[in-house]
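Everything below concerns the one structure shown next.
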Amino acid sequence: MSNDLILIAEDEREIAEIIKAYLERAGFRTVTAADGDLALSHFRQLKPALALLDVKMPKKDGIEVLRVIRQSSDTPVIMVTAMAEDIEKISALRLGADDYVVKPFNALEVVERVKAVLRRSGPDVWPEERPVTVGALVIDKSAYSVFAIDDDTRAPVPLTQTEYAIIAHMCRTPQRAFSRAELIDACVPEGDVLERTIDSHISNARRKLEEAGVLGFLETVRGVGYRLEPLT
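Counted from 1, the sequence shown has number 1164 at position 206 by this note's numbering; the numbering is strictly sequential.
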């Protein structure tokens, strides 16, 4: 955790400088961004260990930045907001924020929140670079690819980006039931889509998995959504 890079996306310079000073005093490295576009640029190029995103930012707000990040990354994100309505919006969108802090805040509290989130999502949880095996599938996050395994062979499953995102997201907690709304928020980059869109993605992914020899992996949960039933 020590020396991890923290992205501070905050358009109020004074607040950004305060957070920066306290995080650096705690041993972290930092990079700042005053708008959403620069935040995404820093995120893609520098690959921070955690991002602090202000909800209200120019160009792209924190919600949109979080949405883009969650299309391809599980990097921890803490949202920063000044309004109760924003907290409710974050909760409703369920885009995958790991925590939030409300302005005005104690900078020491922000540092402790950062440390806590990094502990929960440390490398022993699911390293970005290490392929993960769940049942008859290997999810290679570094290559954004899924492989079906049979004895010593690995066959690539030709999933679309969204289908891959759904499988990778569900594989973090196999056998847990995911609602359609949750899968939309976490995995579908188009934004406002109908729940039946997830049904189409699941159907296509299930067909491709079955063609690769992985049967019974994606199960429909009546009245809820879907879950993985990995074969052993």
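From the three backbone atoms N, C-alpha and C, an ideal C-beta is built for every residue, glycine too.
Of the listed residues the options, nearest to residue i (C-alpha basis)
i     : options                       : result
C1145 : S1031, R1164 and V1182        : S1031
V1096 : L1167, G1020 and E1153        : L1167
Y1122 : A1113, I1107, H1159 and A1094 : H1159
A1101 : L1117, E1177 and V1075        : L1117
L1176 : R1185, V1038 and P1034        : R1185
L963  : P1034, L1024 and I1021        : P1034
A967  : D1012, A979, Q1003 and R983   : D1012
R1130 : V1090, A1094 and A1113        : V1090
T988  : D995, L1004 and G994          : L1004
L1141 : A1163, G1183 and F1105        : G1183
A991  : G1093, V1023 and R1077        : V1023
L1008 : I1156, D1019, R983 and A1055  : A1055
I1036 : V1072, R1164, D993 and G1093  : V1072
D969  : A1040, R1165, F1105 and N1162 : A1040
V1068 : V1038, M1015 and A1135        : V1038
T1191 : A1170, E1169 and R1138        : A question about residue 1191 goes unanswered here, because the residues of the chain that appear run from 959 up to 1190.
A1163 : G1093, V1104, R1025 and V1092 : V1104
Range of the contiguous beta strand (DSSP E) that encloses residue i
i     : result
F1105 : S1103 to D1108
L963  : L963 to A967
T1155 : Per DSSP, T1155 belongs to no beta strand (DSSP E); it is in the alpha helix (DSSP H), E1153 to E1169.
A991  : R987 to A991
A1113 : T1111 to V1115
T1091 : V1090 to V1092
Buried versus exposed, by CB contacts within 10 Å (16 or more), residue i
i     : result
V1006 : Here the sequence assigns Pro to residue 1006, which means Val is not the residue at that position. The residue in question, P1006, is buried, as its Cβ has 16 or more Cβ neighbours within 10 Å.
G985  : exposed
E1187 : exposed
D1108 : exposed
I1125 : buried
A979  : exposed
G1174 : exposed
R1028 : buried
D1019 : buried
R1180 : exposed
L981  : buried
L965  : buried
V1060 : exposed
R983  : exposed
T1111 : exposed
Start and end residues, alpha helix (DSSP H) containing residue i
i     : result
T1131 : No alpha helix (DSSP H) contains T1131, which DSSP labels as neither H nor E.
D995  : G994 to L1004
L1095 : Careful: L1095 lies outside any alpha helix (DSSP H), inside the beta strand (DSSP E) at L1095 to D1098.
A1055 : Where A1055 is concerned, there is no enclosing alpha helix (DSSP H), given that its DSSP letter is neither H nor E.
R1180 : Per DSSP, R1180 belongs to no alpha helix (DSSP H) and is neither H nor E.
A974  : R971 to R983
A1144 : R1138 to C1145
Could you give the uninterrupted runs of the alpha helix (DSSP H) lying entirely in the stretch 1007–1036, keeping only those of 4 residues or more?
-> 1020–1028
Check whether the stretch 995–1004 touches the stretch 971–983, taking contact to mean three or more Cβ pairs, one atom from each stretch, closer than 8 Å.
-> no
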